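Numbering (my numbering), first residue to last: 8 to 263.
Here the structure comes first, spelled out in structure tokens, and everything after it is commentary.
Okay, structure coming up:
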């Protein structure tokens, strides 16, 4: 069932521009630290990474697993996920982040590493991955800064950026109701899981695995990880030769 229109995140014209401008202004005032990029919740970083490691290892055990050559860290901030997760599994990692201060700090935070590739200083609403390039595209705690329309377009471009057997990973907070939670301070939203799944389908993506992040403190949003691949039934023939993976049976508790 499609979510009600009241759950959609749509802006037009000036509203759309201010949605992105306000977010950029907010993040420009945030210190380039783990606590800063995690909105004051830096203490969850280790638990978060442990959950991501567990999920990524399961993806490498799939019947048709992704490769280990190249990954993309979307909304990379200072490179927390790149340093503590992706560099441990991939030969090369690219970062995309609209805040130039964060990207500059990423060079120091990650340190000298031959495995760090391109640093793209651009917002995801204006970014398209190079076609047929990535084994994993990792998007975490950043997609709430995109409107629904731009998010679907971004997902579509990510499909083009995946290699055969490549996977788009989405790790996001989930609203506790069927309504979108709007956050004025940082100009972002938290979507309900029903809306996220609708946007996956609109982009021609299919979920092959999902997992709930465990051991987060009480009072925080539920966080889930989704492994997404192009749905060959709706993807056009210009997208690479993707091997069919079985779909999941959705469950809002635990993992699938």
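Beta carbons are placed, not taken as given, at the ideal position from N, Cα and C, and that holds for glycine.
None of these values were measured; they are calculated from a predicted model.
C-beta contact flag for residue i and residue j at 8 angstroms
{"i": "residue 218", "j": "residue 62", "result": "yes"}
{"i": "residue 206", "j": "residue 162", "result": "yes"}
{"i": "residue 168", "j": "residue 144", "result": "yes"}
{"i": "residue 101", "j": "residue 79", "result": "yes"}
{"i": "residue 75", "j": "residue 96", "result": "yes"}
{"i": "residue 106", "j": "residue 35", "result": "yes"}
{"i": "residue 142", "j": "residue 237", "result": "no"}
{"i": "residue 164", "j": "residue 30", "result": "no"}
{"i": "residue 134", "j": "residue 177", "result": "no"}
{"i": "residue 199", "j": "residue 186", "result": "yes"}
{"i": "residue 71", "j": "residue 222", "result": "no"}
{"i": "residue 92", "j": "residue 56", "result": "yes"}
{"i": "residue 90", "j": "residue 117", "result": "yes"}
{"i": "residue 41", "j": "residue 47", "result": "no"}
{"i": "residue 119", "j": "residue 39", "result": "no"}
{"i": "residue 122", "j": "residue 98", "result": "yes"}
Reduced DSSP secondary structure (H/G/I, E/B, other) of residue i
{"i": "residue 190", "result": "strand"}
{"i": "residue 195", "result": "strand"}
{"i": "residue 149", "result": "coil"}
{"i": "residue 42", "result": "helix"}
{"i": "residue 29", "result": "helix"}
{"i": "residue 129", "result": "coil"}
{"i": "residue 161", "result": "helix"}
{"i": "residue 65", "result": "helix"}
{"i": "residue 221", "result": "coil"}
{"i": "residue 229", "result": "strand"}
{"i": "residue 85", "result": "coil"}
{"i": "residue 239", "result": "coil"}
{"i": "residue 137", "result": "coil"}
{"i": "residue 93", "result": "helix"}
{"i": "residue 8", "result": "Residue placement at residue 8 cannot be trusted, given a pLDDT of 36 that sits under 50; the coordinates are not used to answer."}
{"i": "residue 258", "result": "Confidence at residue 258 is low in this model, with a pLDDT of 43, below 50, so its placement is unreliable and the value that follows should be read with caution. Looking at residue 258 - three-state DSSP - the assignment turns out to be coil, as it is neither helix nor strand."}
{"i": "residue 54", "result": "helix"}
{"i": "residue 154", "result": "coil"}
Integer Cβ distance of residue i from residue j, believed to fall under 8 angstroms
{"i": "residue 235", "j": "residue 158", "result": "At roughly 12 angstroms, the Cβ-Cβ gap does not stay under 8 angstroms, so residue 235 and residue 158 are not in contact."}
{"i": "residue 110", "j": "residue 81", "result": "Not quite, the Cβ-Cβ distance comes to about 13 angstroms (not below 8 angstroms), so this is no contact."}
{"i": "residue 87", "j": "residue 44", "result": "7 angstroms"}
{"i": "residue 65", "j": "residue 216", "result": "7 angstroms"}
{"i": "residue 33", "j": "residue 193", "result": "4 angstroms"}
Cβ-based burial, residue i [other Cβ within 10 Å; buried from 16]
{"i": "residue 112", "result": "buried"}
{"i": "residue 182", "result": "buried"}
{"i": "residue 211", "result": "buried"}
{"i": "residue 83", "result": "buried"}
{"i": "residue 59", "result": "buried"}
{"i": "residue 151", "result": "buried"}
{"i": "residue 25", "result": "exposed"}
{"i": "residue 155", "result": "buried"}
{"i": "residue 179", "result": "buried"}
{"i": "residue 22", "result": "exposed"}
{"i": "residue 77", "result": "buried"}
{"i": "residue 240", "result": "exposed"}
{"i": "residue 189", "result": "exposed"}
Below-8 angstroms beta-carbon distance, residue i vs any chain B residue
{"i": "residue 120", "result": "Any reference to chain B falls outside this structure, which holds one protein chain only."}
Residues that residue i bridges to, as DSSP identifies them
{"i": "residue 99", "result": "77"}
{"i": "residue 120", "result": "In the DSSP output, where bridge partners are listed per residue, residue 120 has none listed."}
{"i": "residue 176", "result": "145 and 234"}
{"i": "residue 216", "result": "234"}
{"i": "residue 169", "result": "141"}
{"i": "residue 181", "result": "229"}
Check: residue i C-beta below 7 angstroms from any heavy atom of the ligand SAM
{"i": "residue 158", "result": "The ligand content of the structure shown is nil, which means the ligand SAM is not present either."}
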